[in-house]
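S.K.: Chains as they are written, first to last, in this note's numbering: chain P, 1 to 260; chain X, 1001 to 1297.
We treat Cβ as the ideally placed atom computed from N, Cα and C, and that holds for glycine.
Structure representation (structure tokens):
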């Protein structure tokens, strides 16, 4: 592994010797260690099946849903081991956005944004609710487009708008970290551009961890990049450095398009 | 296709052959579809033409007549007095109690099968549910007879009838619940988990509302399936001349009345009108569930 960044000062999130295996013979993520810097966009790149989504989903413990997955190593959020936290609290501190936009089909746009509060039974005053909805939708630059149709179903929006709605839903809880799993792979170029611009703005207040198979996307918006290959973290460094001067051969081959 | 064929002259013999094959096939499909729908059209025609005479206000508001009243009316060429109120109330009452028993249990088992789809125990439960669906209804009537008539109400009763109907409804509700939940994409569930929503709340507040129309459809179809059941009710509810809302007493039902009318030569006309009524209820339930399915997609 590259020694470029072995240590990050005061990481929000620290991954220590993490291994994830779907079954005994096949390890999806092998011995990954990395710190994630606060208020930066960190991209995880790599070819299909290299374990980038698996790594991302280990962070908010989505793997807990599937009993056969074996996980070793630790992940620390602000110095606290995530395995010792309740998944309910952990997932409120770490928001997640998925590959395909997945607003709740039965809920209005308004309810989708505060779904985290609603579904968790957290009672809010009506004015607080409206404030959170407006603030979250403004954060994702969706407010002007939907302010007159807040009572319509979330699925009524276009794909790009739905994805921004899902980001707003993740922001409503004011998480420390936002995980995005190829958030633009189901979107058209215009919607992709909007989401990318949004992510750059959001890093002012949030730490963003982005999985992407799109190298130029990583180059455009990330400050730090990880390159994963066959479950290993091959190289981790500043995006600029990595794209100009990759250290590992495999990184160079990937970035120059020798394999994908 | 037809338009294409008529607007252009096809000189290519191969293409002409394909087009004529196409027409033969389309004709066959239409013909056999017509054969399939003809029985239902004939049934409804027969029921309306024979049954409309008896459908009047009394039909819904009076109890079934006795043989003597019917005989007098028939001999003087009048409409048979009385109606099927005891049957309508009995059917509604027993189906209601059966629904109260079967719907919560069926939904819970359906959710269980969906959540534990790969577990061995769930597989066994699923197989048993499938077998239950194939058990002849009269056998279920016998079971309810031994469980309820013999041991609980000590006599024929509405409760026994409802029990038999509930057992019939269970497999239908369970399987439709499972199938409906399977159709909801996993991503919706994951969206809930990623927000830190506890498991039971995801089921109650995300999955069930998302699949609501599907669940309602399954329940309506289960009701329409049992509303016309006769055999299990003969062994359990028996039938009654009175309007009865006592769970422990014998109770009538529309299909039981049809059977009674059939056995009484003076009441032939009532058979048709009662059947028409039952048929209309079942059609209505099916139409409503069709609407629900259309709304879902």
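#1: Using a 10 Å radius around the Cβ and a threshold of 16 neighbouring Cβ atoms, would you call residue 1294/X buried or exposed?
#2: Do we get a CB-CB distance below 9 angstroms when we pair residue 1210/X with the residues of chain P?
#3: What are the start and end residues of the alpha helix (DSSP H) that includes residue 1050/X?
#4: So if I threshold CB-CB distances at 8 angstroms, which residues from the region 50-63 of chain P count as touching chain X?
#5: Report the partner residues of residue 75/P according to the DSSP bridge assignment.
#6: Along chain X, in chain order, which residues have C-beta atoms closer than 7 angstroms to that of residue 105/P?
#7: Name, please, each residue of chain X whose Cβ falls closer than 9 angstroms to the Cβ of residue 226/P.
#8: Hey, is the region 1237-1247 of chain X in contact with the region 1155-1162 of chain X, meaning 3+ C-beta pairs nearer than 8 angstroms?
#9: Within the 9 angstroms Cβ cut-off, does residue 1047/X reach chain P?
#10: Please report the straight-line C-alpha distance between residue 239/P and residue 34/P, rounded to a whole angstrom.
#11: Can you give me the start and stop residues for the beta strand (DSSP E) that residue 29/P sits inside?
#12: Checking contacts by CB at 9 angstroms: is residue 1191/X closer than that to chain P?
#13: Any beta carbon of chain X sitting closer than 9 angstroms to that of residue 157/P?
#14: With 9 angstroms set as the bound, which would you pick, yes or no: does the beta-carbon of residue 1201/X sit closer than that to a beta-carbon of chain P?
#15: Is residue 1122/X close to chain P, meaning its C-beta is less than 9 angstroms from at least one C-beta of that chain?
#16: Quick one, which residues of the region 1204-1237 of chain X are near chain P if we go by CB-CB under 9 angstroms, in chain order?
#17: Between which two residues does the beta strand (DSSP E) containing residue 225/P stretch?
#18: With DSSP collapsed to three states, give me the class of residue 248/P.
#19: Within the same chain, show all residues whose beta-carbon is closer than 8 angstroms to that of residue 1143/X, passing over the 5 residues directly before and after it, in chain order.
#20: Taking the Cβ atom as the reference point for each residue, do residue 1110/X and residue 1205/X lie within a distance shorter than 9 angstroms?
#21: With DSSP run on the structure shown, which of helix, strand or coil describes residue 1219/X?
#22: Residue 1280/X and residue 1259/X - do their beta-carbons sit closer together than 9 angstroms?
#23: What ranges does the alpha helix (DSSP H) occupy inside the region 70-151 of chain P, keeping only unbroken runs of at least 4 residues that lie completely in it?
#24: Give me the DSSP bridge partner(s) of residue 237/P.
#25: Using C-beta distances below 7 angstroms, list every residue in its chain close to residue 1288/X, excluding the 5 sequence neighbours before and after it, in chain order.
#26: Just checking, does the region 1213-1230 of chain X make contact with the region 1171-1191 of chain X on the three C-beta pairs under 8 angstroms criterion?
#27: Can you round the beta-carbon distance between residue 1214/X and residue 1183/X to whole angstroms, since I take them to be within the 8 angstroms contact cut?
#28: With residue 1247/X as the anchor, note down where its alpha helix (DSSP H) starts and where it stops.
#29: On the DSSP letters alone, give me the boundaries of the beta strand (DSSP E) that residue 1080/X sits inside.
#30: Who pairs with residue 1101/X in a beta bridge, going by DSSP?
#31: What is the DSSP secondary structure of residue 180/P, counted as helix, strand or coil?
#32: Quick one: list the residues of chain X neighbouring residue 89/P, beta-carbon separation under 9 angstroms, in chain order.
#33: Is there a Cβ from chain X that is less than 9 angstroms from the Cβ of residue 164/P?
#34: Using the three-state DSSP reduction, which class does residue 1237/X fall into: helix, strand or coil?
#35: Any idea what DSSP makes of residue 1278/X, helix, strand or coil?
#36: To the nearest angstrom, report how far apart residue 104/P and residue 1029/X are at their CA atoms.
M.R.: With the given structure in hand:
#1: exposed
#2: yes
#3: 1013-1051
#4: 60, 62
#5: 15/P
#6: 1188, 1210
#7: None at all; the shortest Cβ gap to chain X is about 21 angstroms.
#8: yes
#9: no
#10: 15 angstroms
#11: 27-36
#12: yes
#13: no
#14: yes
#15: no
#16: 1205, 1206, 1209, 1210, 1212
#17: 224-229
#18: coil
#19: 1164, 1167
#20: no
#21: helix
#22: no
#23: 87-93, 109-113, 115-119, 126-139, 143-146
#24: 225/P
#25: 1220
#26: yes
#27: 7 angstroms
#28: No alpha helix (DSSP H) holds residue 1247/X; DSSP gives it neither H nor E.
#29: Run containing residue 1080/X: none; DSSP gives neither H nor E here.
#30: Beta-bridge pairing links residue 1101/X to no other residue.
#31: strand
#32: 1196
#33: no
#34: coil
#35: helix
#36: 41 angstroms
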